[in-house]
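In the numbering used here, the protein residues as written are 1 to 598.
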């Protein structure tokens, strides 16, 4: 003979408990059984709690009912649902009780029924917060399952104004037994669904990161005309530590999934700063409360724990003295989880809930910690995968650079020598002039190819910082309004010999000259030359910038503010700026010559 199931035993105990009760109570048994049936339907936890509240209130004719779920640690309430209090009144009341004080706390500390004719006169009562509806009569009953306290039922104010009776207490105690079973089943179901969601979330993050999430950024620029270099430089500055620019999208994926799974107000990923603090680098939130770039200083008490690989759990961020960041004032419960893998803390994942929201349970904390570990491993694997892709790109760039140098330039040299030979042998002036122009164009082409080879051979961290690359960027930007790309030529060690201050002023002068050209010159051809082998009239080594066009030239009486700006910049460095004839055959157009000592 098999042992009875727990629910069968509970129903038997309920039946025995009803034996010997009064005729009035026995007459209410059908109502009680219907209430028990209603409570036992459904598995969704919050729907179950709401249904228990409503059923208990209707069973004893109470105007108000509440159910407090005791937290896993047993120190207070992890959830609190009500019946009879309209949403507007609940909003005015504000924060829900935590179960540490008053009659609610008494029922947790001493889980025995409490029945009062006037709760306001009881010394254990802590009073009501502002805007709370008035209540006098009170019945509180613990909800137990196999000796474990799951929560408490609270009932107030019978509709007829009478006090709660022994019969009411017996009915609610029987209902509480069924409610305990329903809550236990709903908790198990919720825990299983929760584990499934977190596991699915971990799989989704791993799949997203390893399938190339963010790979639209993974290709490195293959030449000097790539506009992505400046953006890459800015992102690499913000996303430091062990992550590159390409990891930014991956971190956002982690923040979005963590926020959804933890049912939090935001998902935030922070990375260590060189100063020992933390910086926000990825945010998922419906509000703008958190901004990328926000920093938490290294002297914050929680930073050292997080960077040592220890999780930090906060019940109320807005009041916790350990949290000194201005971000904390906007949130309530929070989990702060280190993203660590292979003994390294890569960053920190933060999932804060709104002020007044329920705290995170132990099972949520465990699942979130496992998610953070899995996300950190996926980030490491994704970064390693992108490193392999970058390596393949760099190897391809090296091959292209070698081919350009060994094959293309050599053939262009050979073609130029053949043309020079033909030029010397020709007796026709027009032919000699045309061939000479073709040789000049070949020289310019060779210079451009050399510039491309130089850019290909630079690493991504080097490329944005060189003066050569900044000049090319200005030329590329000017090509948009001009409708064509100016040609360029470099001479000398541009990047190594020109100082930072001179380089900044040269870029500003180039920008001013190009701006004047496309706004006023109506040119069809522009040549930009940067020569680091130039000399000032007194023999001082200098860098010379010239911007020549074939436009309409500088009209008489025209504005000279741009030229004055160029001259002031040069003279502030000990150099000079002047204008001369342009590229047109008759000398038309303008050439701006700007130079400064090295």
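For glycine and all other residues, C-beta sits at the position ideal for the given N, C-alpha and C.
Let me know the secondary structure DSSP gives residue i once reduced to three states.
{"i": "residue 538", "result": "coil"}
{"i": "residue 233", "result": "Any reading at residue 233 is ruled out, since the residue's pLDDT is 32, under 50, leaving its predicted position unreliable."}
{"i": "residue 135", "result": "coil"}
{"i": "residue 323", "result": "coil"}
{"i": "residue 159", "result": "coil"}
{"i": "residue 549", "result": "strand"}
{"i": "residue 484", "result": "coil"}
{"i": "residue 554", "result": "coil"}
{"i": "residue 288", "result": "coil"}
{"i": "residue 164", "result": "coil"}
{"i": "residue 278", "result": "strand"}
{"i": "residue 251", "result": "helix"}
{"i": "residue 374", "result": "helix"}
{"i": "residue 521", "result": "helix"}
{"i": "residue 584", "result": "coil"}
{"i": "residue 316", "result": "coil"}
{"i": "residue 527", "result": "strand"}
{"i": "residue 595", "result": "strand"}
Measuring CB to CB, does residue i end up less than 7 Å from residue j?
{"i": "residue 569", "j": "residue 505", "result": "yes"}
{"i": "residue 338", "j": "residue 298", "result": "no"}
{"i": "residue 93", "j": "residue 132", "result": "yes"}
{"i": "residue 492", "j": "residue 523", "result": "no"}
{"i": "residue 282", "j": "residue 269", "result": "yes"}
{"i": "residue 598", "j": "residue 497", "result": "yes"}
{"i": "residue 136", "j": "residue 118", "result": "yes"}
{"i": "residue 142", "j": "residue 97", "result": "no"}
{"i": "residue 376", "j": "residue 341", "result": "yes"}
{"i": "residue 474", "j": "residue 511", "result": "yes"}
{"i": "residue 153", "j": "residue 67", "result": "yes"}
{"i": "residue 149", "j": "residue 81", "result": "no"}
{"i": "residue 566", "j": "residue 576", "result": "no"}
CB-CB under 8 Å to residue i, same chain, minus the five flanking residues each way: which ones, in chain order?
{"i": "residue 521", "result": "549, 551, 552, 553, 589 and 590"}
{"i": "residue 600", "result": "Here the chain comprises residues numbered 1 to 598, so residue 600 is not present and cannot be evaluated."}
{"i": "residue 303", "result": "276, 277, 278, 296 and 297"}
{"i": "residue 499", "result": "598"}
Which residues in the same chain have their Cβ closer than 7 Å to the Cβ of residue i, if we skip the five residues on either side of it in sequence?
{"i": "residue 508", "result": "569"}
{"i": "residue 261", "result": "197, 198, 201 and 371"}
If you follow the alpha helix (DSSP H) that residue i is part of, which residue opens it and which one closes it?
{"i": "residue 79", "result": "Element bounds for residue 79: not the alpha helix (DSSP H) but the beta strand (DSSP E), 77-83."}
{"i": "residue 356", "result": "Element bounds for residue 356: n/a, residue is neither H nor E."}
{"i": "residue 301", "result": "301-307"}
{"i": "residue 600", "result": "Examination of residue 600 is not possible in this model, given that the chain is present from 1 through 598 alone."}
{"i": "residue 512", "result": "500-516"}
{"i": "residue 121", "result": "Per DSSP, residue 121 belongs to no alpha helix (DSSP H) and is neither H nor E."}
{"i": "residue 268", "result": "Here residue 268 belongs to no alpha helix (DSSP H); instead the beta strand (DSSP E) covers 266-272."}
{"i": "residue 102", "result": "102-109"}
{"i": "residue 46", "result": "45-60"}
{"i": "residue 89", "result": "87-93"}
{"i": "residue 600", "result": "Any question about residue 600 goes unanswered here, given that the chain covers just 1 to 598."}
Using the rule of at least 16 other Cβ atoms within 10 Å of the residue's Cβ for burial, across every protein chain shown, is residue i buried or exposed?
{"i": "residue 595", "result": "buried"}
{"i": "residue 484", "result": "exposed"}
{"i": "residue 611", "result": "The structure shown has nothing for residue 611, since the chain only spans 1 to 598."}
{"i": "residue 306", "result": "buried"}
{"i": "residue 395", "result": "exposed"}
{"i": "residue 316", "result": "buried"}
{"i": "residue 345", "result": "buried"}
{"i": "residue 274", "result": "exposed"}
{"i": "residue 203", "result": "exposed"}
{"i": "residue 335", "result": "buried"}
{"i": "residue 6", "result": "Because residue 6 sits at a pLDDT of 48, beneath the cut-off of 50, its placement in the model cannot be relied upon, and the point is left open."}
{"i": "residue 417", "result": "exposed"}
{"i": "residue 564", "result": "exposed"}
{"i": "residue 478", "result": "buried"}
{"i": "residue 413", "result": "exposed"}
{"i": "residue 503", "result": "buried"}
{"i": "residue 99", "result": "buried"}
For residue i, I'd like the list of residues in its chain whose CB is within less than 6 Å of its CB, leaving aside the five on either flank, ordered along the chain.
{"i": "residue 184", "result": "145"}
{"i": "residue 325", "result": "296"}
{"i": "residue 64", "result": "84, 156 and 157"}
{"i": "residue 574", "result": "597"}
{"i": "residue 581", "result": "587"}
{"i": "residue 320", "result": "314"}
Does the Cβ of residue i lie closer than 6 Å to at least one heavy atom of the ligand COA?
{"i": "residue 127", "result": "Looking at this structure, you won't find the ligand COA or any other ligand, since it has none at all."}
List the endpoints of the continuous beta strand (DSSP E) containing residue i.
{"i": "residue 334", "result": "334-341"}
{"i": "residue 129", "result": "Premise fails: residue 129 is in no beta strand (DSSP E) and is neither H nor E."}
{"i": "residue 577", "result": "576-581"}
{"i": "residue 116", "result": "114-116"}
Quick one: does residue i have its CB under 7 Å from some CB of chain B?
{"i": "residue 310", "result": "In summary, chain B is missing from the structure at hand, where a single protein chain is found."}
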